[in-house]
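Just so you know, this note's numbering puts 234 at position 233 of the sequence shown, and the rest follows in order with no gaps.
Ideal Cβ placement from N, Cα and C applies to all residues, glycine included.
Remember, it's a predicted structure, so these values are computed and weren't measured experimentally.
First the structure, in the form of structure tokens, and then the observations on it.
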Amino acid sequence: MGRNYTIDFIKFFAIYFVVVIHTGPFKNEPLIYETINIFARFAVPFFFMTSGYFLGKNLQTKKDPSQYIKRSFIKNLSLYATWIFVFFIYDFFLTIVSANLKGNAVGDALTDYFTEFFTIGLLFYGTETNSFHLWFLIALVWSTLIVSFFVKINKLIPLLIISFVLNVIGLFGQSYHVIFDFPLHTRDALFFGLFYTALGCSFASGKLRLKRNPLLWGGLVLLFSILQIAEGLSLIHLLDSRIDNYYLSTIPLSISLFALALTSSGISEHNPLAKIGNKAVGIFVMHPLFISASLLFVSWLNVEAVTQTFIWNISFTPAILVVSYLSYEVLQKVKGRLFHRITSVK
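Take a look at the structure:
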């Protein structure tokens, strides 16, 4: 199965806008900030769809699909556990330092931190600490397991329909909470990740066929991006909603964007943006560390005003992306060398 470098190319922009969501440029200009943030909401569904697509392709081509599912499950769960641990240690020391600086009891601060961190939600929703973004990985673990099961029993289309209904219901825990405040957390596998993972897998299985017309899909991406921004701004300014993780128009936008990726060609493996997009997972897991450390350093210098400047707002996001990418590359090389040394010892 040859690699689709157009997917990697679009993954670059998807991971860039994931970082944008977390850096929050132009917060001092509400309309600009809201527009950028709402537009960026295509990114996470695209990653779920990409994962579902490659899951479906591998389930078709592997001689032993059950072994592939097992390896994929262990890989994703290990990635989640590893980075949960990294952020746990980071936040652990931050909690101690913060308590000392504020003159609070360290023991009480750590008790509060442990109480917040170690909940049942860790197995399904992730955490609300600096590892907040890792909800995606645990949602992907559950989503791929469920999709794999339904593929095995040849019920992918019924799952797609059920997960679509769940995704629409999930909107009431997200952008449409002002109409009806759904009582459950819906940024998770069940209401969010499952539908887009199943959707990507459906494209891989051939159960959903695409018209090979990149110009059409590109036009639809533009149209639905505008509609998503209009939907989000309308909810915020007319219904007093908030910026949320997904919208109704996110569905056709995500389908159009993924269709564009599958029907376009011309992106080679040497394209620099595709190369970075191929390493999106590294940027994803690391970037909140650098965001947090940067903001803490700015606060320590007592120059928070710099974060309101135009230069900061246009440069902070790409700087975080580049540093995260390079750091993960170095980390992988160090890990590779250590592994080589360990395995070469007789």
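Listed in chain order, the non-local C-beta contacts of V307 below 6 angstroms within the same chain comprise W313, local neighbours out to five positions each way being set aside. If you compare the alpha carbons of F55, Q61 and S206 with that of T145, the shortest gap goes to F55. By alpha-carbon distance to S293, the top candidate from A281, Q309, N38 and Y91 is Y91. Remark: C-beta atoms of P319 and Y17 approach each other more closely than 9 angstroms.
When secondary structure is reduced to three states using DSSP, Q175 falls in the coil class, being assigned neither helix nor strand. Exposed is the label assigned to V107, since fewer than 16 other Cβ atoms lie within 10 Å of its Cβ. For A231, the enclosing alpha helix (DSSP H) starts and ends at P215 to L240.
Annotation for K103: the continuous alpha helix (DSSP H) segment containing it runs P66 to K103.
Put simply, the stretch 224 to 232 does not touch the stretch 185 to 192. Fewer than three CB pairs are less than 8 angstroms apart.
The Cβ atoms of A205 and D9 lie no closer than 9 angstroms to each other. The Cβ atoms of L200 and G337 do not sit closer than 9 angstroms to each other. In this structure, G174 and A140 do not form a Cβ contact; the two beta carbons are roughly 14 angstroms apart against a cut-off of 8 angstroms. Look at the beta carbons and you see the stretch 80 to 98 touching the stretch 124 to 142: at least three pairs across the two are nearer than 8 angstroms. For P46, the closest alpha carbon among the candidates I315, N246 and T264 is that of N246.
For the pair A44 and N38, the Cα-to-Cα distance works out to about 11 angstroms.
By the C-beta density criterion, H238 is exposed, having fewer than 16 other C-beta atoms within 10 angstroms. Boundaries for D189: no alpha helix (DSSP H) harbours it, and the DSSP string shows neither H nor E there. Going by beta carbons, S242 and L249 fall outside the 9 angstroms limit.
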